[in-house]
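Structure first, commentary second.
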Amino acid sequence: MNVATLAPSTTATKRRAWLAGWSRAGKLGLAVLAFWVAVAIYACFVPDSALGEMSDAGVFQGMSAQNWLGTDYLGRDMLMRIIAGTPYTIGVAFIATLIACAVGAVLGLLAAVTGGVVDATLSRVLDTLISIPSKMFSLVIIAGFGSSVPLLIAVTAIVYMPGAYRIIRSLAVNINAMDYVLVARARGEGKAYIMRREILPNITGPLLADMGLRFVYALRLLASLSFLGLGVQPPMADWGSLVRENLGALPIGGASVLAPAFAIAVLTIAVNLVIDNLPGHTDADREKH
Amino acid sequence: MNLTILKLVANRIVAGLASLLAVSAVVFAITAVLPGDAAEEKLGQDATPAAVAALRKEMGLDRSAVLRYFDWLGGMARGDAGKSVVTGMSVGEAVNSRLPASLLLAAVTTAFSVPVALGLGILCALRRGSAFDRFTSMATVAVVSVPEFLVATLAVLVFAVELKWLPALSYATDISSPGQMLRSFALPVLSLGSVIVAQMLRMTRAAVIDQMAAAYIEMVRLKGASAARTVLFHALPNAIGPIANAVALSLSYLLGGVIIIEVIFNYPGIAKLMVDGVAQRDMPLVQACAMIFCAGYLILVMLADVCGIVANPRLRHQ
Chain Z
1 MNVATLAPST
11 TATKRRAWLA
21 GWSRAGKLGL
31 AVLAFWVAVA
41 IYACFVPDSA
51 LGEMSDAGVF
61 QGMSAQNWLG
71 TDYLGRDMLM
81 RIIAGTPYTI
91 GVAFIATLIA
101 CAVGAVLGLL
111 AAVTGGVVDA
121 TLSRVLDTLI
131 SIPSKMFSLV
141 IIAGFGSSVP
151 LLIAVTAIVY
161 MPGAYRIIRS
171 LAVNINAMDY
181 VLVARARGEG
191 KAYIMRREIL
201 PNITGPLLAD
211 MGLRFVYALR
221 LLASLSFLGL
231 GVQPPMADWG
241 SLVRENLGAL
251 PIGGASVLAP
261 AFAIAVLTIA
271 VNLVIDNLPG
281 HTDADREKH
Chain X
1 MNLTILKLVA
11 NRIVAGLASL
21 LAVSAVVFAI
31 TAVLPGDAAE
41 EKLGQDATPA
51 AVAALRKEMG
61 LDRSAVLRYF
71 DWLGGMARGD
81 AGKSVVTGMS
91 VGEAVNSRLP
101 ASLLLAAVTT
111 AFSVPVALGL
121 GILCALRRGS
131 AFDRFTSMAT
141 VAVVSVPEFL
151 VATLAVLVFA
161 VELKWLPALS
171 YATDISSPGQ
181 MLRSFALPVL
191 SLGSVIVAQM
201 LRMTRAAVID
211 QMAAAYIEMV
221 RLKGASAART
231 VLFHALPNAI
241 GPIANAVALS
251 LSYLLGGVII
261 IEVIFNYPGI
271 AKLMVDGVAQ
281 RDMPLVQACA
291 MIFCAGYLIL
301 VMLADVCGIV
311 ANPRLRHQ
């Protein structure tokens, strides 16, 4: 925790202090993350035809002035393929994380504020979901329903929701025992008010850090599923699928397989660096599964 | 061993079995109940209602989902997981033929990664804050934050493509001599192991450092014991419990990692079998493999908890 967050601050000092406590690595991570988000937004506005265009350059070509990152297994420009894959990589993981954390937060707050049977039931049911390894769970769901982008979002959200619930619940239970919550109850405030106005503002820091962590897990899970050929289906491709498609270039050490692999590595490590600089970051729930 | 410990361990085992039962219900619901009517799907769009009804009766789908679940559960418990929808072969046989290969891979990886992780973890705790410690911490964070297949891809690139030391693919058929076996196992074990080592190392380091903060360690230091003696003879015996816990917990990551590693190295194990089953939507096969993986995972997590209970000195001397 840095001094700026302890001192009572006006809006102006807050704005200036926003990045003050960040390490150099954290700022670098934030810059990398911002870069990929910009690429993802850019890719959404480029016509599809430009993204998947076949060229006469031949397959698995090395880096050249014409194809900066070489060509893929069908002779498509690898740079364009990576740009086209960015929204699928970042977008799917982000939406899934958002859903997982939102649902987890609502249920966690509800369990903490209500207590009793609701709390016990929710905790039991979600603990069952936690005791299935995440990849195994996704494989079973994909076997049952087939793979599509909405399903991938749903799978990732379901897999990471129980973890978010657990964290939020344990944080909210502590706040729920505070005197000011008791005062609010005595005032006759409803459950929804206490959840939203009394507890939520006090756990936003850890909530954000947890969300960042879950975003990394989601990226990893989705990339792994795509790598197994069970994630984003052709002709669409995220970075995991790009590695799988171009695995044939591995024996010649081609850029087409290395580039998407490094893109994933850079993104996940960057997000990790950002999380380490978020206020309220804890290592408690790290590396579950 | 005393009664308190036995009771706690027994409680933990009962809770584990209850979890497994709940997990089996979830797996059955997702694969056999929620996706809709398997008979209709099998016959396609042109099926007459009579044909669908006949097939449903033959497949036993006319009974309630709860009855089918208990039937299926009984079959699983007896080791009869039904017939593969795709090949028509017994699922039990398919699993039996693949399971030893996966267990062998897991065993070799464990034998390799546990000593390495413990050694490095203790060394890091010993030289906390040194360049070696910081480098190792950075490397482990990098390894655990990228997907497993990246580690495997890099390992292939470095050892098989650039250095040409090892074959890029692993076939369990060419394990005729120990040398051959070592060569074909090296890359899968290395890739899978590095992920496990990274996890285990972090936890071991944390466990030892946690002990180093205790008051008795300060006493040992004041006595004038060397750093190595402090760690090896005083901190380590007390950190055994948390470390055993960390080892069992880290090994449960094997189950996730092995799926990727078996696919990328084309290793004929049970995870590869399951991924193929998922791609072909072969439900009985997926159900059987999923239950094996979940059971393995729950056993390891349970083992981790039991290690924690048994190693707790407060419980030992009651």
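If you're matching them up, the sequences are chains Z and X in order. Following this note's numbering, the numbering of the first sequence begins with 1 at its first residue and continues without gaps. Following this note's numbering, the numbering of the second sequence begins with 1 at its first residue and continues without gaps. By construction, the Cβ of each residue, glycine as well, lies at the ideal position given by its N, Cα and C atoms. Model, not experiment: these values are computed from the prediction.
For chain X, check one thing: does any of its Cβ atoms lie closer than 8 Å to the Cβ of residue i?
i, result
"Z/Phe45", "no"
"Z/Thr128", "yes"
"Z/Thr268", "yes"
"Z/Ser224", "yes"
"Z/Arg81", "no"
"Z/Phe35", "no"
"Z/Ile90", "no"
"Z/Val216", "yes"
"Z/Val243", "yes"
"Z/Arg197", "no"
"Z/Arg220", "yes"
Measuring only between beta-carbons, confirm whether residue i sits less than 8 Å from chain Z.
i, result
"X/Gly75", "no"
"X/Phe185", "no"
"X/Leu232", "no"
"X/Val14", "no"
"X/Arg281", "yes"
"X/Glu148", "yes"
"X/Gly92", "no"
"X/Val23", "yes"
"X/Ser194", "no"
"X/Leu255", "yes"
"X/Leu236", "no"
Give the residues of chain Z in contact with residue i, contact being defined as C-beta atoms less than 9 Å apart.
i, result
"X/Ala290", "Ile132, Met136, Phe137, Leu139, Val140 and Ala143"
"X/Val26", "Thr128, Leu129, Ile132, Phe137 and Val140"
"X/Ile260", "Lys135, Ser224, Phe227 and Leu228"
Could you give the DSSP three-state label for residue i: helix, strand or coil?
i, result
"X/Arg128", "coil"
"Z/Asp77", "strand"
"X/Ser90", "strand"
"Z/Thr71", "strand"
"X/Lys329", "Residue 329 of chain X falls outside the range modelled here, since chain X spans only 1 to 318, and no answer is possible."
"X/Lys83", "strand"
"X/Gly257", "helix"
"X/Tyr216", "helix"
"Z/Met178", "coil"
"Z/Tyr193", "helix"
"Z/Leu129", "helix"
"Z/Ser123", "helix"
"X/Asn2", "coil"
"X/Leu163", "coil"
"Z/Met1", "For Z/Met1, the predicted model reports a pLDDT of 43, less than 50, meaning its position is unreliable; a value from the coordinates is still stated below. Coil at Z/Met1, not helix or strand."
"X/Leu17", "helix"
"Z/Leu278", "coil"
Starting from the beta carbon of residue i, find every residue of chain X whose beta carbon is closer than 8 Å, and list them in chain order.
i, result
"Z/Asn246", "What Z/Asn246 touches in chain X: nothing, since even the nearest Cβ is about 10 Å away."
"Z/Val257", "Thr153"
"Z/Asn272", "Val141 and Ser145"
Quick one: which chain X residues come within Cβ less than 9 Å of residue i?
i, result
"Z/Pro162", "None at all; the shortest Cβ gap to chain X is about 12 Å."
"Z/Leu230", "Val275, Val278 and Ala279"
Please compile the residues from chain Z whose C-beta is within a distance smaller than 8 Å of the C-beta of residue i.
i, result
"X/Cys294", "Ser131, Ile132, Pro133 and Met136"
"X/Tyr354", "Residue 354 of chain X lies beyond the stretch modelled for chain X, which goes from 1 to 318, so this question has no answer here."
"X/Phe135", "Near X/Phe135 there are no residues of chain Z at all, since even the closest Cβ is about 14 Å away, more than 8 Å."
"X/Leu99", "Simply none; closest approach about 16 Å."
Residues of chain Z with CB closer than 7 Å to the CB of residue i, please, in chain order.
i, result
"X/Thr323", "Given that chain X is displayed from residue 1 to residue 318, the structure contains no residue 323 of chain X and the question cannot be resolved."
"X/Gln19", "Checking the displayed sequence, the identity of residue 19 of chain X turns out to be Ser instead of Gln. The contacting residues are Thr128 and Ser131."
"X/Val263", "Leu228"
"X/Leu34", "Gly144"
Pop quiz: residue i and residue j are said to be a contact at Cβ under 8 Å. What is the actual Cβ separation, rounded to whole angstroms?
i, j, result
"X/Ile270", "X/Val95", "6 Å"
"X/Val143", "X/Ala198", "4 Å"
"X/Leu255", "X/Tyr297", "5 Å"
"X/Ala319", "X/Gly92", "Since the first residue of chain X shown is 1 and the last is 318, residue 319 of chain X is not available in this structure."
"X/Ser145", "Z/Val243", "Actually they do not touch by this definition, with Cβ atoms about 16 Å apart."
"Z/Ser147", "X/Pro147", "Contact doesn't hold; Cβ gap of about 17 Å is too wide."
Run through chain X and tell me which residues come within less than 7 Å of residue i, C-beta to C-beta.
i, result
"Z/Ile168", "None at all; the shortest Cβ gap to chain X is about 22 Å."
"Z/Ile264", "Val146, Pro147 and Leu150"
"Z/Ala304", "Only positions 1 to 289 of chain Z appear in this structure, which leaves residue 304 of chain Z out of reach."
Self-check item: Segment contact flag, the region 126-141 of chain Z with the region 87-103 of chain Z, C-beta cutoff 8 Å, min 3 pairs
Solution: no
Exercise. For the region 196-211 of chain X and the region 130-148 of chain X, state whether three or more C-beta atom pairs, one from each stretch, are separated by less than 8 Å.
Key: yes
Quiz item: Are three or more beta carbon pairs between the region 110-129 of chain Z and the region 240-256 of chain X nearer than 8 Å?
Solution: no
Exercise. Check whether the region 279-297 of chain X touches the region 16-31 of chain X, counting contact only when three or more Cβ pairs, one atom from each stretch, lie closer than 8 Å.
Key: yes
Quiz item: Taking three-plus beta-carbon pairs below 8 Å as touching, is the region 119-127 of chain X in contact with the region 151-168 of chain X?
Solution: no
Quiz prompt | the region 218-228 of chain X touching the region 63-78 of chain X, judged by at least three CB pairs closer than 8 Å | solution = no
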